[in-house]
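Heads up, the thing below is written out as structure tokens.
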Amino acid sequence: MFKHPRKYFINGPRVGQGRRGVVLPSWGPAWFGPVVHNPCAMGDGTCPRRAFVLNGSDSPGDMPDRISAALARYLLDRGWHADRMDVHTAQIGMCRVCNACAFKTPGECALRDDGRDVPRLMAQSDLFAFVSGIRFGGYPAAAKRALERTLPNVHPLFMVYRGEMHHRLRYAHRPYLVFVGWQPFPDAEARCLYTRLTERNAINFQADHRTVVLEGDLAPEALDRELAELVGEGIR
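The sequence shown: position 89 = 89 (full-length UniProt numbering), numbered continuously.
Written out as structure tokens, the structure reads:
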């Protein structure tokens with residue numbers, strides 16, 4: 001019988017270990033890596049709440065970029081620890097679906113670029129906000145490439161979730177998901193497609209979520225009102 005290297009179990013994923021994490025036993029083969037519980041992300045009062053804003057804007061200064069900056073500032077002003085990653089400046093390669101994050105280095109991407117921080121920051125957060133423009137009802141290429149780098153947070157084994165077959169997740173903690181899409185003018189069909197897409201993404205992450213589609217050039221005051229309603233409804 002094939003014996004899997006024990007080092008895979010000993011090392012496990014880096015996310016949540018050490019100061020911020022406690023390793024818990026996991027079911028299934030040990031070589032898939034342990035399940036990690038992040039006590040700070042569970043809101044037990046020992047750590048400030050954490051947010052990760054993934055800015056999928058195409059270029060600096062465009063509307064999604066402004067929305068991301070305003071959202072991060074809104075959270076910081078309310079005592080959150082907010083991390084922000086800008087896709088247009090970060091070095092994020094395409095996921096190769098090599099499965100190294102599932103078997104060779106569980107929970108850790110084999111690509112040595114900024115994309116390795118995407119699953120780590122997501123796993124450590126209480127709130128994961130994904131902001132991007134809308135292209136034909138979906139995500140722009142660069143934003144989609146960044147979102148796909150969350151694959152290390154998915155466990156290679158499967159489970160039944162809401163009557164469907166899905167990958168189980170590597171970590172017990174699920175951040176609250178906020179999807180913010182922006183389009184320059186009203187497009188009902190694109191809005192419907194985007195809403196459906198984010199709903200399916202949230203099911204894959206097995207997490208509660210909120211989706212909002214913003215349109216046109218928003219003044220700072222209007223943007224602040226939208227963000228207050230968006231964030232306040234999910235997490236106060």
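Glycine included, C-beta positions come from ideal geometry on N, C-alpha and C.
Assigned exposure category for residue i - 16 Cβ within 10 Å defines buried
{"i": "Val160", "result": "exposed"}
{"i": "Arg112", "result": "exposed"}
{"i": "Thr89", "result": "exposed"}
{"i": "Leu76", "result": "exposed"}
{"i": "Ser59", "result": "exposed"}
{"i": "Pro106", "result": "buried"}
{"i": "Pro220", "result": "exposed"}
Counterpart residues of residue i in DSSP-defined beta bridges
{"i": "Thr89", "result": "Partner(s): none; Thr89 has no beta bridge."}
{"i": "Asn55", "result": "Asp86, Val131"}
{"i": "residue 237", "result": "The first residue shown for the chain is 1 and the last is 236, placing residue 237 beyond what the model contains."}
{"i": "Val154", "result": "Leu169"}
Given residue i as reference, the closest of the options once Cα atoms are compared
{"i": "Asp86", "options": "Val97, Val53, Tyr194", "result": "Val53"}
{"i": "Asp126", "options": "Asp65, Tyr171, Arg112, Lys104", "result": "Tyr171"}
{"i": "Val118", "options": "Arg145, Ala188, Glu215", "result": "Arg145"}
{"i": "Gln206", "options": "Gly107, Asp65, Val154", "result": "Val154"}
{"i": "Ser132", "options": "Lys104, Ala188, Cys101, Thr198", "result": "Thr198"}
{"i": "Arg169", "options": "Val213, Pro60, Leu75, Ala102", "result": "Residue identity check: residue 169 is Leu in the sequence provided, not Arg. Of Val213, Pro60, Leu75, Ala102, the residue nearest in Cα terms is Ala102."}
{"i": "Ser68", "options": "Pro156, Phe128, Tyr194", "result": "Phe128"}
{"i": "Leu157", "options": "Arg50, Arg120, Ala143, Asn99", "result": "Asn99"}
{"i": "Arg120", "options": "Leu71, Ala141, Arg84", "result": "Arg84"}
{"i": "Leu193", "options": "Gly115, Arg96, Tyr139, Ala72", "result": "Tyr139"}
{"i": "Asp217", "options": "Gly61, Arg50, Asn55", "result": "Gly61"}
{"i": "residue 240", "options": "Glu164, Lys104, Ala141, Glu229", "result": "As shown, the chain starts at 1 and ends at 236. That puts residue 240 outside it, with no answer to give."}
Three-state secondary structure (DSSP) of residue i
{"i": "Tyr161", "result": "strand"}
{"i": "Leu24", "result": "Bear in mind that a pLDDT of 33 at Leu24, under 50, signals an unreliable position, so the number given afterwards is only what the model happens to contain. Here Leu24 sits in strand by DSSP."}
{"i": "Tyr194", "result": "helix"}
{"i": "Val97", "result": "coil"}
{"i": "Glu108", "result": "coil"}
{"i": "Tyr139", "result": "coil"}
{"i": "Pro34", "result": "Summary for Pro34: the model assigns pLDDT 37, below 50, so the residue's position carries little reliability, and this model does not support an answer."}
{"i": "Phe103", "result": "helix"}
{"i": "Ala41", "result": "A caution first: Ala41 carries a pLDDT of 43, below 50, which makes its placement in the model too unreliable to give a value."}
{"i": "Pro220", "result": "helix"}
{"i": "Pro119", "result": "helix"}
Proximity below 9 Å, CB of residue i to CB of residue j
{"i": "Leu147", "j": "Phe136", "result": "no"}
{"i": "Phe179", "j": "Asn201", "result": "yes"}
{"i": "Pro175", "j": "Cys109", "result": "no"}
{"i": "residue 246", "j": "Trp182", "result": "Given a span of 1 to 236 for the chain in the structure shown, any question on residue 246 remains unanswerable."}
{"i": "Leu227", "j": "Asp208", "result": "no"}
{"i": "His173", "j": "Asn204", "result": "no"}
{"i": "Val213", "j": "Ile92", "result": "no"}
{"i": "Leu223", "j": "Arg66", "result": "yes"}
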